[in-house]
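In terms of the UniProt record's numbering, the sequence shown opens at residue 1 and continues consecutively. Don't be surprised by glycine CBs; every beta carbon is placed ideally from N, CA and C. Heads up, the thing below is written out as structure tokens.
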Amino acid sequence: MPSQASHAVSLTRYLIEEQRAGRINAELRQLIAVVARACTSISIAVSKGALGGVLGDAGTGNVQGEAQKKLDVLSNDILLEANAWGGHLAACASEEMDHSQPIPDAYPRGGFLLLFDPLDGSSNIDVNVSVGTIFSVLRCPEGVECAGDEHFLQPGREQVAAGYCIYGPSTMLVLTTGHGTHAFTLDREQGAFVLTQRDMRIPEQTREFAINVSNQRHWEPAMQAYVADLLAGSQGPRGKDFNMRWIASMVADVHRILTRGGIFIYPWDRKEPGKPGKLRLMYEANPMALLVEQAGGAASTGRGRILDLAPTQLHQRVPVFLGSKQEVAAAERYHQSAD
Ligand code: AHG
Ligand code: MN
Ligand code: MN
Ligand code: MN
């Protein structure tokens with residue numbers, strides 16, 4: 001009888017089979033494999049914690065106005081280095097870099113653009129709570145010799161791949177190339193990601209929401225009304241009790257939603273003037289929106305589909321409502337009736 005291990009589908013095998021089926025080309029397959037390798041390196045660094053000297057602040061700031069953690073900087077460097085020489089990319093852009101970086105002249109350039117949030121949930125690093133890496137892949141427009149920020153400004157529906165790696169009790173890579181959302185778990189002994197859930201599905205209805213309620217006073221009236229009705233439970237207009245979870249790592253909150261449903265919200269707020277919410281469209285909202293839609297869920301700004309937004313800036317912020325389809329639609333109704 002064949003052993004259990006012989007039935008395991010590695011990420012490598014999954015990608016080769018996707019290529020054979022004509023759903024991805026060899027260049028995209030190799031690019032995803034490089035990103036997965038970089039995530040394995042980040043996972044090793046994250047898991048060393050204090051023993052690796054990787055905790056705490058880097059003493060620098062990023063273009064978001066945030067203090068960078070050592071692991072923000074290290075993860076960014078790991079992703080840049082791993083992707084520089086493969087020949088699949090034209091340029092990279094990151095939460096931690098002011099502008100996109102073309103692949104150095106010393107290496108061949110390929111046909112894709114890679115965006116990443118190298119370490120999501122930075123505030124959780126020092127307290128040993130799950131963090132992650134989020135990535136998004138776009139095509140470099142035809143005929144572009146040296147890609148700049150403007151070439152990244154494509155709607156999220158143009159993504160050819162998106163995913164995240166969660167560094168939790170186990171390390172998992174969750175990936176879509178536009179044909180379902182699939183989860184792979186890192187087998188540390190083998191050094192390989194193994195397919196552990198094909199075709200993740202988000203239940204259409206939920207009784208669980210995720211939001212940072214401490215920002216309530218900064219929300220618009222439609223949001224105030226929506227959350228008040230969630231909190232009113234079975235006695236309120238929604239007629240059911242809701243539970244609340246907030247990990248403060250988008251990767252971990254979205255992973256829970258892909259696993260058992262729910263709605264994740266970072267709404268528009270007036271906390272920071274000129275910034276419509278906290279999350280970034282290009283390397284947080286768009287990749288998560290594609291993963292969630294490919295798992296049967298929805299992703300909205302509260303007023304429309306995230307993947308249809310036409311970006312104007314690399315570091316653009318956007319309100320985010322994503323998860324169980326019917327709950328996202330319910331949140332949208334509060335916003336529409338207020339407009
Ligand atoms: P990052 O660590 O990449 O800057 O992202 C942090 C984001 C996201 O992971 C999370 O959902 C949110 O910020 C947490 O916000 P609060 O600090 O308001 O809880
Ligand atoms: Mn940050
Ligand atoms: Mn983030
Ligand atoms: Mn980050």
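Item                                                                                                                                                 : Value
Just reading off the beta strand (DSSP E) that residue 196 is part of, what are its end residues?                                                    : 192-197
Indicate the three-state DSSP secondary structure (helix, strand or coil) for residue 212 in the structure shown.                                    : coil
When burial is assigned at 16 or more other CB atoms within 10 Å of the CB, is residue 95 buried or exposed?                                         : buried
I think residue 337 touches residue 249, with their Cβ atoms under 8 Å apart; what is that distance to the nearest whole Å?                          : Between residue 249 and residue 337 the Cβ distance is about 32 Å, and since that is not below 8 Å, they are no contact.
Quick check: what's the CA-CA separation for residue 215 versus residue 271?                                                                         : 8 Å
Flag this pair as yes or no: are the beta carbons of residue 175 and residue 32 separated by less than 8 Å?                                          : yes
Helix, strand or coil, according to DSSP, for residue 12 in the structure here?                                                                      : helix
Assign residue 341 to buried or exposed, taking buried as 16 or more other Cβ atoms, counted over all protein chains shown, within 10 Å of its Cβ.   : Coverage of the chain is limited to positions 1 through 339, which leaves residue 341 absent and any answer about it impossible.
Please report the straight-line C-alpha distance between residue 106 and residue 225, rounded to a whole angstrom.                                   : 56 Å
Could you name the residues, in chain order, whose CB is less than 7 Å away from a heavy atom belonging to ligand 2?                                 : 62, 64, 66, 72, 95 and 122
Which residues neighbour ligand 3 when neighbourhood means a C-beta less than 6 Å away from any of its non-hydrogen atoms? List them by chain order. : 117, 120, 250 and 284
Under a three-way DSSP split, which group does residue 234 fall into?                                                                                : helix
Looking at ligand 5, does it come within less than 7 Å of residue 9, judged from the CB to the closest heavy atom?                                   : As for ligand 5, it is missing from this structure, which binds only ligand 1, ligand 2, ligand 3 and ligand 4.
Let's test the definition: count the other Cβ atoms within 10 Å of the Cβ of residue 51 and tell me whether it reaches 16, buried, or not, exposed.  : exposed
Quick one: Cα of residue 335 to Cα of residue 147, how far?                                                                                          : 37 Å
I'd like to confirm the pairing. Which residues does DSSP put opposite residue 320 in its beta bridges?                                              : 266
Output the boundary residues of the beta strand (DSSP E) element that contains residue 69.                                                           : 67-69
Got a sec: does ligand 1 put a non-hydrogen atom nearer than 7 Å to the Cβ of residue 167?                                                           : no
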